[in-house]
Amino acid sequence: MLVLRMAFLVPAVVDFALAILTLYRMIGVVDDSLVPRGQFAGAAFCWTVLLLVGRRKPVARAWILQPTAVLIGCIVTVFVVGFVAGVVSIARMALALVLGGAMIWLCWAGLKKAEILAQ
């Protein structure tokens with residue numbers, strides 16, 4: 002059960018941290034990236050709430066982990082594209098790959114644990 006609860010908690014904490022970091026980096030920004038950054042921060046906050054709600058009844062709400070894994074994969078893909086474009090350092094891309102891979106694995110492990118507990 003611990004793996005299943007952690008599958009909800011770890012991505013929620015990371016999403017919350019990404020939202021705060023995005024809002025912090027928006028201070029003083031007055032270019033065209035302001036609106037997409039704000040939208041990303043809002044989506045990250047909402048996803049944090051979704052994961053925390055799922056954590057209250059993890060077996061019944063394990064379906065939340067599937068789109069979470071897809072979302073994490075998309076965020077990691079953006080880091081790889083940013084590296085290819087030359088705007089993201091190799092260290093940041095590597096960190097995104099490691100953390101993203103770990104969270105995707107955690108979502109998968111949580112889904113498998115929920116399937117076992119649902120039987």
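Quick note on the working numbering: the sequence shown kicks off at 2 and runs consecutively.
A virtual CB, placed ideally from N, CA and C, is assigned to each residue, including glycine.
Review point. What are the uninterrupted segments assigned as alpha helix (DSSP H) that are 4 or more residues long and contained completely in the stretch 54-88, given in chain order?
Key: 66-86
Point to revise | Residue span of the alpha helix (DSSP H) that contains I21, given as start and end | key: L3 to R26
Practice item. Determine the extent of the alpha helix (DSSP H) in which G101 is found, giving its start and end residues. Key: DSSP places G101 in the uninterrupted alpha helix (DSSP H) bounded by I91 to A119.
Exercise for review: Throw me the rounded Cβ distance for the T23 and F41 pair, which I believe falls under 8 angstroms.
Suggested key: Contact between T23 and F41 holds, with the beta-carbon distance rounding to 6 angstroms and staying under 8 angstroms.
Practice item. Determine, using beta carbons only, whether I28 and L51 come nearer to each other than 8 angstroms. Key: no
Check your understanding: When you compare only the Cα positions, how much space is there between V71 and D32?
Key -> Put simply, the backbone Cα of V71 is about 29 angstroms away from that of D32.
Practice item. Determine the DSSP secondary structure at V36, reduced to helix, strand or coil. Key: helix
Review point. Can you give the Cα-Cα distance for A119 and V82, rounded to whole angstroms?
Key: When only Cα atoms are considered, A119 and V82 end up about 39 angstroms apart.
Point to revise | Nonlocal neighbours in the same chain, by C-beta distance under 6 angstroms from L3, ignoring five residues either side | key: none
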